[in-house]
Each structure stands twice: as structure tokens, then as C-alpha cells.
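J.: Top line first, the protein sequences correspond to chains H and R. Those letters in the first sequence? Residues 3 to 436, per our numbering, in order. Those letters in the second sequence? Residues 113 to 396, per our numbering, in order. Don't be surprised by glycine CBs; every beta carbon is placed ideally from N, CA and C. All values reported here derive from a predicted model rather than from experimental measurement.
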Amino acid sequence: MIRDKFDAIVVGAGPSGNAAAYTMAKQGLKVLQLERGEYPGSKNVQGAILYADALEKIIPDFREDAPLERHVIEQRLWTMDDTSYVGMHYRSDDFNEEKPNRYTIIRAQFDRWFSGKVREAGAVLLCETTVTELLRDPQGRVIGVRTDRDGGTAFADVVILGEGVNGLVGQRSGLRPELKPDTVALAVKEMHFLPREVIESRFNLAGNEGVVIEAMGTITDGMTGTGFIYTNQESISIGIGCIVSDFAESGRTPYGLLEAFKRHPSVRPLLEGSECKEYAAHLIPEGGYNAMPELFGDGWIVVGDAGQFVNAVHREGSNLAMTTGRVAGETVVWLKRRREMATKANLAEYQRRLEETFVMKDLRKYRRIPDFLHRNKHIFGVYPKLLTAAAQTWFRVDGVDKRAKEKQIFQSFRSGRTLPGLIGDALKLARSWR
Amino acid sequence: MHIVVCMKQVPDSAQIRVHPVTNTIMRQGVPTIINPYDLFALEEALRLRDRLGGEVTVLTMGPPMAEESLRKALTFGADRAVLLTDRAFAGSDTLATSFALAAALNKISQEFGEPPIVFTGKQTIDGDTAQVGPGIAKRLGLNQLTYVARIADLDPAAGTITVERRAEGGLQVLQTRLPVLITMLEGVNEIRRGSLDDAYRAARAQVVRWSAADAGITELARCGLKGSPTIVKKVFAPQGRAEKVRQVPTADRSADELAIDVIAAIFRTQPPLEDDLLRFAAGQ
Numbered sequence: 003m004i005r006d007k008f009d010a011i012v013v014g015a016g017p018s019g020n021a022a023a024y025t026m027a028k029q030g031l032k033v034l035q036l037e038r039g040e041y042p043g044s045k046n047v048q049g050a051i052l053y054a055d056a057l058e059k060i061i062p063d064f065r066e067d068a069p070l071e072r073h074v075i076e077q078r079l080w081t082m083d084d085t086s087y088v089g090m091h092y093r094s095d096d097f098n099e100e101k102p103n104r105y106t107i108i109r110a111q112f113d114r115w116f117s118g119k120v121r122e123a124g125a126v127l128l129c130e131t132t133v134t135e136l137l138r139d140p141q142g143r144v145i146g147v148r149t150d151r152d153g154g155t156a157f158a159d160v161v162i163l164g165e166g167v168n169g170l171v172g173q174r175s176g177l178r179p180e181l182k183p184d185t186v187a188l189a190v191k192e193m194h195f196l197p198r199e200v201i202e203s204r205f206n207l208a209g210n211e212g213v214v215i216e217a218m219g220t221i222t223d224g225m226t227g228t229g230f231i232y233t234n235q236e237s238i239s240i241g242i243g244c245i246v247s248d249f250a251e252s253g254r255t256p257y258g259l260l261e262a263f264k265r266h267p268s269v270r271p272l273l274e275g276s277e278c279k280e281y282a283a284h285l286i287p288e289g290g291y292n293a294m295p296e297l298f299g300d301g302w303i304v305v306g307d308a309g310q311f312v313n314a315v316h317r318e319g320s321n322l323a324m325t326t327g328r329v330a331g332e333t334v335v336w337l338k339r340r341r342e343m344a345t346k347a348n349l350a351e352y353q354r355r356l357e358e359t360f361v362m363k364d365l366r367k368y369r370r371i372p373d374f375l376h377r378n379k380h381i382f383g384v385y386p387k388l389l390t391a392a393a394q395t396w397f398r399v400d401g402v403d404k405r406a407k408e409k410q411i412f413q414s415f416r417s418g419r420t421l422p423g424l425i426g427d428a429l430k431l432a433r434s435w436r
Numbered sequence: 113m114h115i116v117v118c119m120k121q122v123p124d125s126a127q128i129r130v131h132p133v134t135n136t137i138m139r140q141g142v143p144t145i146i147n148p149y150d151l152f153a154l155e156e157a158l159r160l161r162d163r164l165g166g167e168v169t170v171l172t173m174g175p176p177m178a179e180e181s182l183r184k185a186l187t188f189g190a191d192r193a194v195l196l197t198d199r200a201f202a203g204s205d206t207l208a209t210s211f212a213l214a215a216a217l218n219k220i221s222q223e224f225g226e227p228p229i230v231f232t233g234k235q236t237i238d239g240d241t242a243q244v245g246p247g248i249a250k251r252l253g254l255n256q257l258t259y260v261a262r263i264a265d266l267d268p269a270a271g272t273i274t275v276e277r278r279a280e281g282g283l284q285v286l287q288t289r290l291p292v293l294i295t296m297l298e299g300v301n302e303i304r305r306g307s308l309d310d311a312y313r314a315a316r317a318q319v320v321r322w323s324a325a326d327a328g329i330t331e332l333a334r335c336g337l338k339g340s341p342t343i344v345k346k347v348f349a350p351q352g353r354a355e356k357v358r359q360v361p362t363a364d365r366s367a368d369e370l371a372i373d374v375i376a377a378i379f380r381t382q383p384p385l386e387d388d389l390l391r392f393a394a395g396q
């Protein structure tokens, strides 16, 4: 047992845990952080895009020494069938700004850097230490944690759970139910290494400019999911993910999808000659607002993936993680200053503060989307095929007159999805989006 | 009893690769670990401390980042860590390394008490020389016990130690007087996990940092590249053997027949094996 008593124990050293630990330690609180990996980032997997705004609010000058790969100047959205894609690309020199808005990063390096800042701020980090359960007093208040090490208990006024998507500690301690297969996606990714000049010429980049490709369509074989391709300095991250229950139903394998995605005629040239040096898989909580567990209780707060803080539509997660971590940290500091206990009633302040940020506003806005996508899988199968076929009809010059082509396209949509179907989809999507 | 364990931070050789063109070792991005042989030495030291009391000091020479491995040793339960780090040590071979470590051990004796036992691993996995331990023993006038598989008896009052040493001819049981330098064999114990208290203490511990001057070294010409007569002329990856697997056609043949063929093929390449087996079968 550690004799020292802490103001807070943070479980996990990912973006949410680090944000919480940093915020509290910086304000002079006595913080113990526990991480099961060999070092922070060793077990953390993401695409990965870093959204600068959320980190700036924690470490304003992070650009000075954080390991960043490329700043994103171009976003490509691809709707794919087996041989083609219809793309919407947005590229702007405005993104070549003094303080760029989005970066590609490599999490094993980034998390290590972030953790260094947390320790500089004064928090004590113990790695290779897994929290097995929460300790409670007779009234049920959480007062500390038990770890898998000998003599493994430590006590604190409040425990912040940034334990990640699986949330085993919270589950085991009865704070939240087991994850449901239809609220999590399983994503796999590979890192393909190429010389930087090759990446820059293939993706039309200069210096540290980067491109993000998000793709949907037949690549997920009718399942709810998306693929992605991100440019790093000397590597390309490529991955694909679908809802777990869809994998179970279809019997498809994640690596099978990824292999097919890599072989797609539009993707293969981008990876040509590269060497795959790393592969990883991870769960992503995609249930959104309606799948959120309880976020606080007597002596505990949940942050990051463990609280389902992911905006699946916009592929945002690490920024929600950092923001929830920061707000949780600020709430604990605020209580400490007022010399108040971390009771459930007092910690409700955490949720009140979150409600005022983009986190809750966005999650609430999109609360119907996960269910909509779950019930309308044809969005991922039927429409991409119709769209790419229409594009081909439109662009192929073959002696058919344009009016006939228009008719053909319209007809293909009607027979593919029927008129009521088309109108219904549009209405349902509009309602879910609102 | 004060025990010192000398250890080294090495690249994880399981993840190292040799550059196909230049034949140099590609160290970039290769994770570092504590030399695995040194962990057997550390665990043996911790067990002696737990039994007899006293403390364990871990000592390493290396760049500033070697502090990571010392902190890890503290997590396992070591009481104190000393990092000998100075640009003057860069490029040391085994002669210069044992010179510097011997000086640091003298300084440790002055500062923290004389250690009756100094441990090292059998060898490191990057250099593979097994020379540094004996080098330290010679310089400090310690009795040396190399390739030790077990400490059979230790009598601090009488100042004697008895160990089992694995040698080519078999197992030797050796006794000598303290102070002694022991190089530990692999597989004799398993490094402990370290309690939560150890991990907490390690996270906050101050690692003692000594430069060459701090360690009382004045003859810089005997350190680092200058003090190293060894010259690495060439590093190369050994050629793989051409034939690794031979396929034997199986059509229409019984498993017995195939097995006899395979055994005959093995005997053709290694005749003594056949003699041995025949003798064994005859009960000799």
C-alpha cells in the first residue's frame, strides 16, 4: 500500500488521462497516474489525427516540442465501389497557417511526449501497473484503487477513469454495463513506410503538408463502417473499421477487409513499393450520446473513450478525450479550492461544465445517427454503387445523348432504391442530422 | 550487506536489423532494455538482501537515457541507482569500460559503504564478450567467480562464499573469500515484479549521476575511444545456410520407412551420433 494519500488517482495515460493528470498537477494537486502499458502510448492505437484546439487549451505551446507528423491541408471524402470512387476533396492553402488546425501523429510517440509533460507538471506515473478494482468505503464511496502489484492499494479523494474503450475497471466495479457489440467498431490499421519525397509527390504535398482520406462504400461489404488513409512524414497509415455486431453477422474478418481495401485500384498505387512495419487493432466506441454510461458518482469520474466520448460522424475522439479529461481535472481542482468533497452531488459540476462545451453539444446533435446507420445499412452498400455508376454514365462519351444519360441515371436510382425509399432515406437522414 | 549490481542498457536484439547494403546495425527506433543476463544478477542480489538485510545499488555507464533502465531496476526493488555518464566515456571497449566502472565502484565504496559482493551478468547481448566483469575484478583485486549458476552458501561473518559454477567439464563447486565479483548465468532465477511501493519509490527516486570527474577519474586518456585499443573493422550479417529443409516424397510409403530414411540421412552427416546411440542401445 502506498502510504501517501493523493488528491486524485488517474487510471490510464492516454489523451483523456493525461489531460486530467496534467490539469490537476499543474494546479499543484497531488496526482498518481497508473498505466498498464510498458510506457504511455505502448498500448494506445488511433488513426491518428490530432485536433490542435483541444490540446492548445491544455498546453498552449505544444507545437514547440510535440512529435507532430504533418499538418492537414487537404481532406478527401471518397465514396467507393469495387473499381472506382467519387470524391469530394477540399484543399486549402489557408491550412498552411502559423498554428495549423489538424495534424497527423503517431500515438506511441505523441503519448510519450504528453506523458513527459504530465510528469514535469508533477504527477507521479507508474507504468506496467494495472488497476484491478475500485476500493470503496462502507457507504459505497470510491476511496482508491487496487492494482495487480504486491501491496497494490492506493488511496485518493477522487478517482478519474480514463481507462479506454473497454473500461474493464468501471465494468468490474459495476459503474457501467458491458459494451454492446452494436455500439463499438473494430478498426484495424497498418503503417506503410515510404521515403518522404515519394509520399509528397504521390499526394501532391510540400514540406510538412498532409492529406487525410476518409472512405466509405463497398469496401465495408455492406457493413456500417469506413476506411481511412493518413499521410505521416515517412509513412502512410491505412485502416478500416466496422461495427462489431456487423462483423459477427457477416462473418467477414477485419484484416480481410483491409487487404481488399489495400488492393483497390484507387488505393494500391498510393502504397506501391511501401513496407508495412506495424499493424494494430482497436475498438472505437461509436454508440454516441445514447450509449453513454453514468459519467460520475461518489468519488469517481469517467473521461475519454470509457465514457463513449467519440463523434463517429466526424471521426473525432482524441479531442473529446482531451476535453473531458481537462474539464474533469478542472472540476476536481475547483472542488479542492472550495474544500469540498468529491461527492456525487458535487461532481455533477463535471457534467454541467461539459454541457457547455462542443463535446455534449455535438454528441447530442448526432444522438440519432448511430441508430440510423445501424438500421439503414444500404447507405454503405447501395448508394455508393449508384453514385459511382452515375458518375461513369455521365463522364463516359459513347454516342449516347445527354438527355438519355440523365434518364438512365435517374432510372438507376429508382430501381436501386425506389422513389419512396429515396425520399424516406433523405427525410430520415435529415431528421437524424438535425 | 551492501551489494552492487553492474548492468547495461542494450538495444533489444530481438528487434535489431542489419542494413542490407551498408552492413551496419540499424539502431534507430529499436527499443532499449536492461541486458537480460544482468536481470539474473539483480534478482540474485535482491534475494541476498531480502535474506541478510542491507541494500542493493545498481550501477551503469551509458548516455543520459540509460537512466530509464536504472529506474526500471529501482522498480524491481533496488535501493539506489548510480549513472556514470560523461562524453569522455563514448566509444569505450571492454578495457575502458572496466576501468571506468572500477573507478565508480571505488567511489561507491567511499560514499555508500564497501560492497562485499559485486554482481554482473554473464555477458551483454550486444557485445557478447564477457570481459567487463573479470576486468573489474582484476582492477579492484576482487576474487572472481564467473558463470555462477547458484550461490550455495554465504557466510558474511566468516567472509566466505560457496557457489556452483557451470563449466565445460560439468559443475564446479567453488569457495572463496569476500570481497568477490560474481558473473551470473542465465535462467537461474526470474526477476521479480516489484511491489506498488517499489514502483512508487522508483518513480520519485533521484538517480545519482556522476561524471568522470565525480567518479574521481583523472586519467581521461584511459577512457572512451582514446582508452580503447579494440578496433571494430567490420560488421556483417552472416550468410543464411542455403539448405534448411529437405522435402521427402511420401507417396506409397509407410511412416516407418520414411522415419528410417530420415534417421539414416542424419547419421550420414553425423557419424558419432550413430555410435553413441548403438552404445546406448547395447546398455553401455
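So what does DSSP say about Thr342/R, is it helix, strand or coil?
T.: If DSSP states are grouped into helix, strand and coil, Thr342/R belongs with coil.
J.: On the DSSP bridge list, what partners appear for Val13/H?
T.: According to DSSP, Val13/H bridges with Leu36/H and Leu163/H.
J.: Taking C-beta pairs closer than 7 angstroms, name the residues in chain R that Arg154/H reaches, listed in chain order.
T.: The amino acid at residue 154/H is misidentified as Arg; the sequence shows Gly. What Gly154/H touches in chain R: Leu308.
J.: Let's test the definition: count the other Cβ atoms within 10 Å of the Cβ of Leu385/R and tell me whether it reaches 16, buried, or not, exposed.
T.: The residue is exposed, with fewer than 16 neighbouring Cβ atoms inside 10 Å.
J.: Are there 16 or more other CB atoms within 10 angstroms of the CB of His194/H, so buried, or fewer, so exposed?
T.: By the 10 Å Cβ count, His194/H comes out buried.
J.: Quick one: which chain R residues come within Cβ less than 9 angstroms of Thr134/H?
T.: Within 9 angstroms Cβ-Cβ: nothing; Thr134/H doesn't reach chain R, min ~11 angstroms.
J.: Residues bridged to Leu257/R by DSSP?
T.: Paired residues: Ile294/R.
J.: Could you tell me whether the Cβ of Leu196/H comes closer than 8 angstroms to any Cβ of chain R?
T.: False, the Cβ-Cβ gap to chain R never drops below 8 angstroms.
J.: Give the residues from the stretch 289-306 of chain R that approach chain H closer than 8 angstroms (Cβ to any Cβ), ordered along the chain.
T.: Listed in sequence order: Arg305 and Gly306.
J.: From what residue to what residue does the beta strand (DSSP E) around Ile426/R run?
T.: Nothing about residue 426/R can be reported from this structure: the residues present for chain R run from 113 to 396 only.
J.: CB Lys234/R to CB Thr295/R, shorter than 8 angstroms?
T.: Yes.
J.: Give the single residue among Pro17/H, Cys278/H and Ile145/H whose Cα lies nearest to the Cα of Gln8/H.
T.: What sits at residue 8/H in the sequence shown is Phe, not Gln. The candidate whose alpha carbon is nearest that of Phe8/H is Ile145/H.
J.: Apart from the five residues on each side of it in sequence, which residues of its chain come closer than 8 angstroms, Cβ to Cβ, to Pro183/H?
T.: Cβ neighbours of Pro183/H beyond the five flanking positions: Ile245, Val246, Ser247 and Ala250.
J.: Give me the chain R residues within the contact set of Val126/H, using Cβ-Cβ distance strictly less than 9 angstroms, ordered along the chain.
T.: In chain order: Tyr312, Ala315 and Arg316.
J.: Kindly say whether Thr149/H, judged by its beta-carbon, lies nearer than 8 angstroms to any beta-carbon of chain R.
T.: Yes, Thr149/H lies at the interface with chain R (some Cβ there is under 8 angstroms from its Cβ).
J.: Is Phe311/H helix, strand or coil when you go by DSSP?
T.: DSSP places Phe311/H in coil when its eight states are reduced to three.
J.: For the candidate residues Gly243/H, Ala262/H, Ser44/H and Thr134/H, whose alpha-carbon lies nearest to that of Ile108/H?
T.: Comparing Cα-Cα distances from Ile108/H to each of Gly243/H, Ala262/H, Ser44/H and Thr134/H, the minimum goes to Ser44/H.
J.: Per DSSP, what kind of secondary structure is Phe348/R in: helix, strand or coil?
T.: Coil at Phe348/R, not helix or strand.
J.: Please report the Cβ distance between Ser125/R and Asp238/R, rounded to the nearest whole angstrom; I am assuming they are in contact, meaning their Cβ atoms lie under 8 angstroms.
T.: With 8 angstroms as the limit, Ser125/R and Asp238/R qualify as a contact, their Cβ atoms being about 7 angstroms apart.
J.: Name the two residues that bound the continuous alpha helix (DSSP H) containing Glu199/H.
T.: Taken as a continuous stretch (DSSP letters only), the alpha helix (DSSP H) holding Glu199/H covers Arg198 to Arg204.
J.: Step through the CB atoms of chain B and report whether any lies within less than 8 angstroms of the CB of Thr131/H.
T.: In the structure shown, chain B cannot be found, because the protein chains are H and R.
J.: Taking 8 angstroms as the cut-off, decide whether the C-beta atoms of Gly309/H and Leu297/H are in contact.
T.: Cβ atoms of Gly309/H and Leu297/H: closer than 8 angstroms.
J.: Buried or exposed: where does Phe382/H fall if 16 or more other Cβ atoms within 10 Å of its Cβ makes it buried?
T.: Buried, since its Cβ has 16 or more Cβ neighbours within 10 Å.
J.: For the alpha helix (DSSP H) containing Ile238/H, name the first residue and the last one.
T.: From DSSP, Ile238/H is part of no alpha helix (DSSP H) but of the beta strand (DSSP E) over Ser237 to Ile245.
J.: Can you tell which of Tyr53/H, Arg204/H and Ala125/H has the C-alpha that lies nearest to the C-alpha of Gln235/H?
T.: Checked all of Tyr53/H, Arg204/H and Ala125/H; the closest Cα to Gln235/H is Arg204/H.
J.: If Met226/R sits next to His114/R, beta carbons under 8 angstroms apart, how far is it from one beta carbon to the other, in whole angstroms?
T.: Sequence check: residue 226/R is Glu here, not Met. Confirmed, Cβ separation roughly 7 angstroms.
J.: Work out the CA separation of Phe379/R and Pro271/H for me, nearest whole Å.
T.: So the two alpha carbons sit approximately 53 angstroms from each other.
J.: Starting from the beta carbon of Ile4/H, find every residue of chain R whose beta carbon is closer than 7 angstroms, and list them in chain order.
T.: Those are Leu308, Asp309 and Tyr312, listed as they occur along chain R.
J.: Taking the alpha carbon of Thr232/R as the reference point, which residue from Ala157/R, Thr342/R and Ala317/R has its own alpha carbon closest?
T.: Ranking Ala157/R, Thr342/R and Ala317/R by Cα distance to Thr232/R puts Ala157/R first.
J.: By the three-class DSSP mapping on this structure, what secondary structure does Ile303/R have?
T.: Coil, per DSSP.
J.: Decide yes or no for the touch test of the stretch 10-22 of chain H against the stretch 145-160 of chain H: beta carbon pairs closer than 8 angstroms, at least 3 of them.
T.: Yes, the stretch 10-22 of chain H is in contact with the stretch 145-160 of chain H.
J.: Hey, how far is the Cα of Thr274/R from the Cα of Tyr257/H?
T.: The straight-line gap from Cα to Cα measures roughly 57 angstroms.
J.: Less than 8 angstroms separating the beta-carbons of Ala193/R and Gly328/R?
T.: Taking 8 angstroms as the Cβ cut-off, Ala193/R and Gly328/R do not qualify as a contacting pair.
J.: Residue range of the alpha helix (DSSP H) that Thr325/H falls in?
T.: Ser320 to Arg339 is the extent of the alpha helix (DSSP H) around Thr325/H.
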